[in-house]
Amino acid sequence: MSVTTPRAYMAPVHRSPFSGLRDAWAITGRNLIVYRRVPTLLVFTLIQPVVFVLLFRYVFGGAIAVPGGVPYVDYLMPGIFVQTVAFGATNTAIGLATDVKSGLLERFHSLPMARSAVLTGRTFADLVRNVLVVALMAVVGVLVGFRVQTNALLFLAGVLIVLMFAYAFSWIFATVGLAIGDPESAQAATFPVLAPLVFASSVFVPVSSMPSWLQGFATYQPVSVTANAARALMLGGPTLSWVLQSIAWCAGIVIVCAPLAVWLYRRTN
Amino acid sequence: MSDAAILVEGLTKRFGTVAALDGIDFEVPAGSVFGLLGPNGAGKTTAVRVLATILRPDGGHAEVMGYDVVRQDAQVRFQIGLAGQSAAVDANLTGRENLRLIGKLAQMRRADVGPRADELLERFDLSQAADRPVRTYSGGMRRRLDVAAALVQRPPVLFLDEPTTGLDIQSRTELWAVIRELVAEGATVLLTTQYLEEADRLADRIAVVDHGHIVANDTSAALKAHLAGTVIEIGMGTEEMASRAHEVLVRAVADHPQRDGTMVRLTSNEGPSALIETLRLLDSNSLTPATLTVREPSLDDAFLALTGRTAEEDPQRGRVA
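Quick note, the sequences are listed as chains A and B, same order. Under my numbering, read the first sequence as residues 1101 to 1369, first letter to last. Under my numbering, read the second sequence as residues -9 to 311, first letter to last.
And the structure:
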C-alpha cells in the first residue's frame, strides 16, 4: 500500500516569501473586526481616558503647579496621550489571554502559517486602535482648551513618539497575556505593572513635586521620558534628549519582550 | 517513510509527574477511520496535540503522511485539519469570516478562499447563518462550523477531537453523517471519543486508551468478539424452574451458565449454535422459557473487561490534557 492523496487538495506545500506579512495582516484584520462587532469595546476604551482628562483638567488641575508658566491643560494633554496608550495596552494582554483560553491559538498552531503572525497581528491591531484613540483624544484635548505651541509637524512627531511607545508597550502586555493565559487574571495582573509607571511619572504632575527618593525612578522610567518627549515636541523646550531616551526605552522593551513573547507563544500549549 | 497516513511509535509525553502518554503505538492506513477511545484524562487529546504539532513529545516518534511531527512540523501542518476540543472558532467573527481566515492562514490561493468557504457553509447547512457572528450560533451549529474549519484547505488527514461531546442526539447524528461522507471521499480520520457508540459506528479500528497506555487495538467487531461473546438470557418465570434449567444446561453446555434469580444467563463465543443447543436441551427436558433475550456484546462490555471500569465512569484524577 502506498500513501494516496485521497482528494485533489489545493494546499501548497511551501509558504511564499511574503506569507509572514500576509498572515500577520489576516490576523490584524481578524482582531480589528471585534471593534466593528462589539462597538461598546471601543467606547469603553475611550471613556476612561476622557474621564481622566476631565478629572485632571477641571478637578485636580487647579491645585497642580507646573513650571515655566505653561497652562496646566497644555502640560496635561501630551501626558494623557501616553497614559491612554499605556492603559490601552491592557487590551493586548486580554486579547491574547482570551485566545489562549478559547483554544483559538491551538488551531493557529496547527495551521501552516507564520509562527510570528499571531503576535505581530495582535500588536498591529492594537496599534491601529491606538491611532484612532490618540486622534480622538486630540479632539477632546482641543475641546477642553489644549493648544499646540510649536507647529503641526512637531505635533505629529509627538503623536508618532506616543504611537511608537504604544507599540513597544503592547509587547510587554503580549508577554503578560501569554504568560497568564486567562483574560480576567491578565486584566488584574496589568494594574500593578501600570500603576507605578503611569502615576509615579511626569504624566500628571511635575516630577520635581515628588519626594526625592521617588524622583530618580519617576524621571527616567519609560512613561515619563515618552511624556516628556511628546510634551517637548508639542510645547517646545529641550527635545532631543527625551526623544532619544524614549526611543532607547522602546527599542529595549521590544528587544526583551518580543523574543520572550514568541517563546511563550511556542510553548503555550 | 511508512505506508500509513499516521504512524505512532513509542510516543511519550509527561506533564509534571503525570504520564499523559506512556509509550503508545498505532498506525492508521490512509483512507480509514481510527478511533481513540477512552475516558477523560486517558491521553487521547494529548496524542492529537502531539500529532497536530501543537505539543512536542518527550520521546518516541510520530509521522503524518510520512512527515515527522517534530523535525518536519511545518510540512505536517500542510497535511492536517483539526477540529473539536483542541481547536476553536472565533466567536466575534461570522461563520464565513472564520472559514476565510482559516483558508488564508492555511496558505490557500486568495481566489480559492471565498468559493471554498461558501461551499462548506452550504454543505454544513450554515448558509443562512453565514453572516452572523458565531456567538449567536447554537452548540450544534458551532460544532459544524468547527468541523468545516478543519476541512477548508482539504487536508488529507483530519483530527477530530471529541467532535460531538456535549451535543444533543440530533446534532450528534448529523455530525456522524458528515464524518461518514468525509471518509467516503477518502479522508483519513483520527477520531477521539468517550462514546463507545461513536467509535463503534464510525471507526474501522479502535484503540482503547487508558492512563496513557493503549490497552487494546482492533476492529470494533473483533474487540467485541474477543472480549465478550453473545449474551443469552433466559427468563424461566420462577426460581425453581430457573434452577432446573440451570442444572440441565450446566451438564451439557460448555459456556458456564449462571443462574440469577429467575434468569439463566450464558455467554458464548459461538452465539447462534449455543442458542440452538440451549433451546433444544430445555425443550427435551420439557422446560419452556418465559422470556428470551439474545444480545451481541457492546463496546461497553469490552471496555469494562479491558479497564475494569465503564467508560462513563470518571477516574479519580484531573484531566491531564
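By construction, the Cβ of each residue, glycine as well, lies at the ideal position given by its N, Cα and C atoms.
If you count every other CB in all the chains shown that lies within 10 Å of the CB of Leu26 of chain B, and 16 or more means buried, which is it?
For the purposes of this step, residue 26 of chain B is taken as the residue at position 36 of the second sequence. Note on Leu26 of chain B: 16 or more other CB atoms within 10 angstroms of its CB, so buried under the neighbour-count rule.
Helix, strand or coil: how does DSSP classify Thr297 of chain B here?
Stepping through the second sequence from its first residue, residue 297 of chain B is reached at position 307. Helix, per DSSP.
Output the distance between the C-alpha atoms of Phe5 of chain B and Val1362 of chain A, rounded to the nearest integer angstrom.
For this step, residue 5 of chain B is matched to residue 15 along the second sequence. For this step, residue 1362 of chain A is matched to residue 262 along the first sequence. Their Cα atoms are separated by approximately 22 Å.
Taking Ala42 of chain B as the query, report the chain A residues whose CB atoms sit under 7 Å from its CB, ordered along the chain.
For the purposes of this step, residue 42 of chain B is taken as residue 52 along the second sequence, with counting starting at 1. Chain A residues near Ala42 of chain B: Ser1210.
How about Leu(-3) of chain B and Glu53 of chain B: are their beta carbons less than 8 Å apart?
On the second sequence, position 7 is the one that residue -3 of chain B refers to. On the second sequence, position 63 is the one that residue 53 of chain B refers to. Yes, they are a contact pair.
Taking a Cβ distance cut-off of 7 Å, strictly less, list which residues of the segment 1123 to 1135 of chain A are near chain B, in chain order.
Within the segment 1123 to 1135 of chain A, the residues whose Cβ lies closer than 7 Å to some Cβ of chain B are Asp1123, Ala1126, Arg1130, Ile1133 and Val1134, listed in chain order.
For Pro1106 of chain A, count neighbouring C-beta atoms within 10 Å of its own C-beta (all shown protein chains included) and say buried if the count is 16 or more, exposed if not.
Residue 1106 of chain A sits at position 6 when you count from the first residue of the first sequence. With a pLDDT of only 42 at Pro1106 of chain A, under the threshold of 50, the placement of this residue in the model should not be trusted; the figure read from the coordinates follows. With 16 or more other Cβ atoms within 10 Å, it is buried.
For Ile92 of chain B, which residues of its own chain have a beta-carbon under 8 Å away from its beta-carbon, when the five flanking residues on both sides are left out?
Position 102 of the second sequence, counted from the start, is the residue given in the question as residue 92 of chain B. Cβ-Cβ distances below 8 Å link Ile92 of chain B to Ala139, Val142 and Gln143 in the same chain, with the five nearest sequence neighbours on each side left out; the list follows chain order.
Please identify, using Cβ separations under 7 Å, the residues of the segment 50 to 69 of chain B that lie next to chain A, in order along the chain.
Taking 7 Å as the Cβ-Cβ cut-off, the segment 50 to 69 of chain B approaches chain A at Met55, Gly56, Ala64, Gln65, Arg67 and Phe68, given in chain order.
Could you pull out every residue in the same chain whose Cβ sits closer than 6 Å to the Cβ of Asp48 of chain B, ignoring the five residues on either side in sequence?
Residue mapping note: residue 48 of chain B aligns to position 58 of the second sequence, counting from 1. Thr2, Lys3 and Arg4, listed in sequence order.
CA-to-CA distance, Leu272 of chain B to Ser263 of chain B, given in whole angstroms
If you number the second sequence from 1, residue 263 of chain B lands on position 273. If you number the second sequence from 1, residue 272 of chain B lands on position 282. The alpha-carbon atoms of Ser263 of chain B and Leu272 of chain B are separated by roughly 14 Å.
For chain B, is any of its Cβ atoms less than 8 Å away from the one on Gly1168 of chain A?
Start at 1 with the first residue of the first sequence, and residue 1168 of chain A comes out as number 68. Not closer than 8 Å to any Cβ of chain B, the Cβ of Gly1168 of chain A fails to qualify, so no.
If Ser343 of chain B and Ala197 of chain B are in contact, beta carbons under 8 Å, what's the gap, nearest whole angstrom?
What is shown of chain B runs -9 to 311, which leaves residue 343 of chain B out entirely.
Among residues of its own chain, excluding the 5 on either side of Ala1288 of chain A, which ones have a beta-carbon nearer than 7 Å to its beta-carbon?
For this step, residue 1288 of chain A is matched to residue 188 along the first sequence. The beta carbon of Ala1288 of chain A sits closer than 7 Å to no other beta carbon from its chain once the five residues preceding and following it are set aside.
Would you kindly report the start and end of the unbroken beta strand (DSSP E) that includes Gly50 of chain B?
Position 60 of the second sequence, counting from 1, holds the residue named residue 50 of chain B. Taken as a continuous stretch (DSSP letters only), the beta strand (DSSP E) holding Gly50 of chain B covers Gly49 to Val54.
Can you have a look at Gln97 of chain B and say buried or exposed, based on whether 16 or more other CB atoms are within 10 angstroms of its CB?
Taking the second sequence and counting its residues from 1, the one referred to as residue 97 of chain B is at position 107. Note on Gln97 of chain B: 16 or more other CB atoms within 10 angstroms of its CB, so buried under the neighbour-count rule.
Could you give the DSSP three-state label for Tyr1158 of chain A: helix, strand or coil?
Numbered from its first residue, the first sequence carries residue 1158 of chain A at position 58. Taken through DSSP and simplified to helix, strand or coil, Tyr1158 of chain A comes out as helix.
Minimum C-alpha distance to Val179 of chain B - residue among B:Met55, B:Tyr127 and B:His203
Counting from 1 along the second sequence, the entry for residue 179 of chain B is found at position 189. It is B:Met55.
Same chain, Cβ closer than 6 Å to Thr36 of chain B, neighbours up to 5 away in sequence not counted
Sequence index remark: in the second sequence, residue 36 of chain B carries index 46 (1-based). Cβ neighbours of Thr36 of chain B beyond the five flanking positions: Lys3, Ala10, Leu11 and Ala311.
Assigned exposure category for Glu112 of chain B - 16 Cβ within 10 Å defines buried:
Translated into the one-based positions of the second sequence, residue 112 of chain B becomes position 122. Per the 10 Å Cβ criterion, exposed.
Starting from Val1138 of chain A, find everything on chain B with Cβ-Cβ shorter than 8 Å and list it in chain order.
Locating residue 1138 of chain A in the first sequence gives position 38, counting from the first residue. Correct list: Asn82.
What's the C-alpha gap between Pro105 of chain B and Val1293 of chain A?
Translated into the one-based positions of the second sequence, residue 105 of chain B becomes position 115. Translated into the one-based positions of the first sequence, residue 1293 of chain A becomes position 193. The alpha-carbon of Pro105 of chain B is positioned some 47 Å away from that of Val1293 of chain A.
Could you give the C-beta distance for Gly265 of chain B and Val284 of chain B, rounded to a whole number, given that I count them as a contact under 8 Å?
As a first step, residue 265 of chain B must be located in the second sequence, where it is residue number 275. As a first step, residue 284 of chain B must be located in the second sequence, where it is residue number 294. The sequence given here places Leu at residue 265 of chain B; Gly does not occur at that position. Contact check for Leu265 of chain B and Val284 of chain B: beta-carbon distance about 6 Å, within the 8 Å limit, so the pair qualifies.
Within chain B, partners of Glu1370 of chain A - CB distance below 7 Å:
Chain A is shown from 1101 up to 1369; residue 1370 of chain A falls before or after that span and cannot be answered.
Does the Cβ-Cβ distance between Ala81 of chain B and Val124 of chain B come in under 8 Å?
One-based indexing of the second sequence puts residue 81 of chain B at position 91. One-based indexing of the second sequence puts residue 124 of chain B at position 134. Cβ distance < 8 Å, so Ala81 of chain B and Val124 of chain B count as in contact.
As an exercise, report each continuous alpha helix (DSSP H) stretch of at least 4 residues that is fully enclosed by the segment 220 to 273 of chain B, in chain order.
Note on the segment 220 to 273 of chain B: whole alpha helix (DSSP H) runs with a minimum of 4 residues are 229 to 242, in chain order.
Quick one: does Arg1207 of chain A have its CB under 8 Å from some CB of chain B?
By one-based count along the first sequence, residue 1207 of chain A stands at place 107. It does; some Cβ of chain B falls within 8 Å.
Would you say Ala105 of chain B lies against chain A (beta-carbon separation less than 8 Å)?
On the second sequence, residue 105 of chain B is found 115 positions in, with the first residue counted as 1. In the sequence as displayed, the identity of residue 105 of chain B is Pro instead of Ala. Closer than 8 Å: no.
Short CB-CB distance (under 8 Å) between Val8 of chain B and chain A:
Residue mapping note: residue 8 of chain B aligns to position 18 of the second sequence, counting from 1. Cβ-Cβ to chain A under 8 Å: no for Val8 of chain B.
Using the DSSP secondary-structure output, state which residues sit across from Lys1201 of chain A in a beta bridge.
Taking the first residue of the first sequence as 1, we reach residue 1201 of chain A at position 101. Within the DSSP secondary-structure output, Lys1201 of chain A pairs in no beta bridge.
Helix or strand or just coil, what does DSSP make of Ala(-5) of chain B?
Counting from 1 along the second sequence, the entry for residue -5 of chain B is found at position 5. When DSSP states are grouped into helix, strand and coil, Ala(-5) of chain B belongs to the coil group.
Ala1274 of chain A lies in the alpha helix (DSSP H); which residues open and close that run?
For the purposes of this step, residue 1274 of chain A is identified with residue 174 of the first sequence, where counting begins at 1. It spans Ala1252 to Ile1280 - the alpha helix (DSSP H) in which Ala1274 of chain A sits, taken as one unbroken run.
Closer than 8 Å, Cβ to any Cβ of chain A: which residues of the segment 222 to 256 of chain B, in chain order?
Taking 8 Å as the cut-off between beta carbons, none of the residues of the segment 222 to 256 of chain B comes near chain A.
Based on Cα-Cα distance, which residue from B:Asp(-7), B:Gly21 and B:Phe16 lies nearest to Val173 of chain B?
Numbered from 1 along the second sequence, position 183 holds the residue referred to as residue 173 of chain B. The shortest CA-to-CA distance from Val173 of chain B to any of B:Asp(-7), B:Gly21 and B:Phe16 is the one to B:Gly21.
For Leu315 of chain B and Ala1126 of chain A, which I take to be in contact (beta-carbon distance under 8 Å), what is that distance rounded to the nearest angstrom?
Not covered by the structure: residue 315 of chain B. The range shown for chain B is -9 to 311.
Taking only three categories from DSSP, how would you classify Pro1117 of chain A?
For this step, residue 1117 of chain A is matched to residue 17 along the first sequence. The answer is coil: DSSP assigns Pro1117 of chain A none of H, G, I, E or B.
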